[in-house]
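>
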Amino acid sequence: MSVELVMPKAGLTMIEGTIATWKVEDGAAVKKGDVVMEFENEKTTMECEATADGFIKILAQVGEVVKVGDPVAIIAESKDEASVAKAEASLATQAASVSVDATEVVMPKAGLTMIEGVVGEWKVAEGENVKKGQAIFEFENEKTTMECEATADGILHQVVKTGDTVKVGNTVAYVAATKEAYEALVKGATPESQAMCANECEVCHKSVALSMVEDAPKGGNAVATDGHVRATGLARNIAKSAGINLALVGGTGPNGRIIAKDVYAYLEAAKAAPVAAPEVKAVQASGEVVKTLLSGRRKSIAKNMRKCFETMAPLTVFAEVDVTDLMAMRQKYVEKADALGCKISLNDMLMLATVKMLKKHPMLNSTFDGETISSYPYVNLGMAVGLAEGLVVPVLKNADQYSLLEMSKGLRDLALRAKDDTLVGGEQSGATFTVTNVGMFHIDFGTPVISPPQVGILGFGTAKKKLVEYKGEFCPRTMMHMMLTFDHRVFDGREAGEVLGDMKDLLENPELIFV
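Okay, structure coming up:
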């Protein structure tokens, strides 16, 4: 008897994970509780343990993205059973595309230049009945917001969620004709022909178990007059994996449709046919192109960065501040580090000043969902930490309740555990505002990117001595740039100027931070 090992759900928001490393080799003996694999989600890297004793057959390779609950390996009682189980798992995956009486709803092409749209508000909830012609969701292109209507009566099954970007023609939802069809869709089935799927699964089984493929048939023409190649989902997957152009394959299915058997036959024929090596001119090699798959964390960063510019109106304003007195105060704390039990950093003082500023400007300590601004009576302060693997933002909860000493210890603990990759899920979510100190990387100033649904982020550059006018004379002072990026939908430049003005007062008169 074999047992499936599936991608775990490590967090309420996790929908997929990326295989990071396999700790065991394919076919190795494992014990229940052994760590067999590491995987990444959008926030961290975790371990997955074997759920039974036996021999492991790996289904998903390093770098593959696997949905939560989908199999990544099979643990069988014997090596032979593991091989058979792997083939059966492949068949089971393909067989999920059974006959489902449902109509596909795709992203419409609303304009000649539209190539993708962003799903807005769903007008109909998941599992509710809809009528043909009823508006079921809103979508946005680069110019406007429109509605998409149901093309049939039935029960709605949403495939994507609000905020997702979908290419024109790709699936957004299905309208199931019956309750049974809806339940099948929820379980992962797709509207494919049951007879065709059964036929393909049988052929696939023969290919895996017996390694027998018929000679390539002549077949019919699977290319429609509009250039579209008629092929089943399984045939497309096999062709994609093998790098085959389906337009070159003859189809033997109904109406010349290409099925899995046709692709296998084409592969066998291609192996048998001798191919003359083309004459090529010698070229000077200049090195190999290195391709790297994005990690789960990097994908999450990319998604959030893009979301900021797609859904917000971000604007960055700058101000230069004299931190000479702040640095002098910090030096006094450093000299008393032994008595205090920790070494106060400049970043600690900047964070404390930011918290005080946020209490005066609650509109900045807010989130915005597109319609409602939610201002919070507490400050959950996000602190950007740059790692080799990517950016993480641990969150100091209720930061407005901390003293300077408590904040220093709390921030240091979060930063160290971020570097060790030992933060728990709740410590990387729920921020109401974020601070990024790029000065430690010798950067003078930049344009920080907001993490939606927050409405602002404050950045600090390098503190360096400059010759400036001070009290009527030119003298060296320690200067620093501040950068505030804010969502222009929520407030305007006047308020942003007031925020930087108040921060300037606090940092140039550091005793005010503690008042």
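Under this note's numbering, the first residue of the sequence shown carries the number 4, and numbering increases by one thereafter. By construction, the Cβ of each residue, glycine as well, lies at the ideal position given by its N, Cα and C atoms. Just so you know, these numbers come straight off a predicted model, no measurement behind them.
(1) Let's test the definition: count the other Cβ atoms within 10 Å of the Cβ of Arg-497 and tell me whether it reaches 16, buried, or not, exposed.
(2) Whole beta strand (DSSP E) runs in the segment 23 to 90 with 3 or more residues, listed along the chain?
(3) By the DSSP assignment, the beta strand (DSSP E) with Gly-157 in it spans what residues?
(4) Relative to the alpha-carbon of Asp-29, which residue among Tyr-381, Gly-462, Phe-42, Ala-79 has its alpha-carbon at the smallest distance?
(5) Anyone know if the C-beta pair for Val-458 and Phe-371 falls short of 8 angstroms?
(6) For Gly-157, which residues of its own chain have a beta-carbon under 6 angstroms away from its beta-carbon, when the five flanking residues on both sides are left out?
(7) In three-state DSSP terms, what is Ile-241?
(8) Do you know offhand how far Leu-270's Cα is from Ala-242's?
(9) Applying the 10 Å Cβ sphere with the 16-neighbour rule, what's the burial state of Leu-515?
(10) Between the alpha carbons of Arg-480 and Asp-505, how many angstroms are there, rounded?
(11) DSSP three-state label for Lys-310, please.
(12) Return yes when the Cβ of Gly-393 is within less than 8 angstroms of the Cβ of Arg-301, no when it is not.
(13) Going straight from the alpha carbon of Asp-447 to that of Glu-19, what length do you get?
(14) Residue ranges of each beta strand (DSSP E) run of no fewer than 3 residues wholly in the segment 350 to 384, ordered along the chain?
(15) Quick one: what does DSSP say Lys-405 is sitting in, helix, strand or coil?
(16) Grab me the residues of Val-326's own chain with a C-beta within less than 6 angstroms of its C-beta, minus the 5 sequence neighbours each way, in chain order.
(17) What three-state label does DSSP hand Lys-221 in the structure shown?
(18) Identify which residue in Lys-359, Gln-431, Leu-408, Ile-376 has its Cα closest to the Cα of Ile-304.
(19) Just the Cα atoms here: how many angstroms apart are Gly-429 and Gly-172?
(20) If you reduce the DSSP assignment to three classes, tell me which class Met-110 lands in.
(21) Could you tell me which of Trp-125, Lys-400, Ala-13, Lys-468 sits nearest to Thr-435, measuring between CA atoms?
(22) I believe Ala-2 touches Val-382 by the beta-carbon criterion, under 8 angstroms. Please report the beta-carbon distance rounded to the nearest angstrom.
(23) DSSP state of Glu-7, grouped into three classes?
(24) Can you list, in chain order, the stretches of the alpha helix (DSSP H) that have 4 or more residues and sit fully within the segment 407 to 466?
(25) Taking Cβ to Cβ, would you say Thr-48 is nearer than 8 angstroms to Asp-423?
(26) Can you tell me where the beta strand (DSSP E) with Leu-515 in it begins and where it stops?
(27) Run through the segment 117 to 156 for me and flag every whole beta strand (DSSP E) of 3 or more residues, listed as ranges in chain order.
(28) I'd like to know whether the C-beta atoms of Met-360 and Val-502 end up nearer to each other than 8 angstroms.
(29) Please classify His-208: does DSSP put it in a helix, a strand, or coil?
(30) Indicate the three-state DSSP secondary structure (helix, strand or coil) for Ala-201 in the structure shown.
(31) Considering Asp-508, what are the terminal residues of the beta strand (DSSP E) in which it resides?
(32) Taking the alpha carbon of Phe-141 as the reference point, which residue from Asn-132, Trp-25, Glu-131, Asp-167 has its own alpha carbon closest?
(33) Consult DSSP for Lys-468 and reduce its assignment to one of helix, strand or coil.
(34) For Val-163, decide whether its Cβ has a neighbour in chain D, counting only Cβ atoms nearer than 8 angstroms.
(35) Please name the residue, chosen from Phe-463, Thr-437, Thr-147, His-445, that lies closest to Val-507 on a Cα-to-Cα basis.
(36) Which same chain residues, not among the five before or five after Met-10, have their C-beta less than 6 angstroms away from its C-beta?
From the atom records:
(1) exposed
(2) 38 to 43, 48 to 52, 57 to 61, 68 to 70, 74 to 79
(3) 157 to 161
(4) Ala-79
(5) yes
(6) Val-178, Ala-179, Ala-180
(7) helix
(8) 9 angstroms
(9) exposed
(10) 20 angstroms
(11) helix
(12) yes
(13) 38 angstroms
(14) 369 to 371, 376 to 378
(15) Looking at the sequence provided, one finds Tyr at residue 405 rather than Lys. Coil at Tyr-405, not helix or strand.
(16) Ala-466, Thr-481, Met-483, Leu-510
(17) Legend: pLDDT at Lys-221 = 46, less than 50; position of this residue unreliable, no value from coordinates given.
(18) Gln-431
(19) 37 angstroms
(20) coil
(21) Lys-400
(22) Outside the displayed span of the chain (4 to 518) sits residue 2, for which this structure offers no information.
(23) strand
(24) 407 to 422
(25) no
(26) Here Leu-515 belongs to no beta strand (DSSP E), and DSSP marks it neither H nor E.
(27) 119 to 125, 138 to 143, 148 to 152
(28) yes
(29) For His-208, the predicted structure reports a pLDDT of 35, less than 50, and the residue's modelled location is therefore unreliable. The matter cannot be settled from this model.
(30) Here Ala-201 scores only 36 on pLDDT, less than 50, and its place in the model should not be relied on; the value that follows carries that caveat. Ala-201 falls in the helix class under three-state DSSP.
(31) Looking at the DSSP string, Asp-508 is not in any beta strand (DSSP E); the run it does join, the alpha helix (DSSP H), is 496 to 511.
(32) The amino acid occupying residue 141 in the given sequence is Glu; Phe does not appear at that position. Nearest of Asn-132, Trp-25, Glu-131, Asp-167 to Glu-141, Cα basis: Asp-167.
(33) strand
(34) Among the chains of the structure shown, chain D does not appear; only one protein chain is present.
(35) Checking the sequence shown, residue 507 turns out to be Lys, not Val. For the residues Phe-463, Thr-437, Thr-147, His-445, the minimum Cα distance to Lys-507 belongs to Phe-463.
(36) Gly-20, Val-69, Val-71, Asp-73, Val-75
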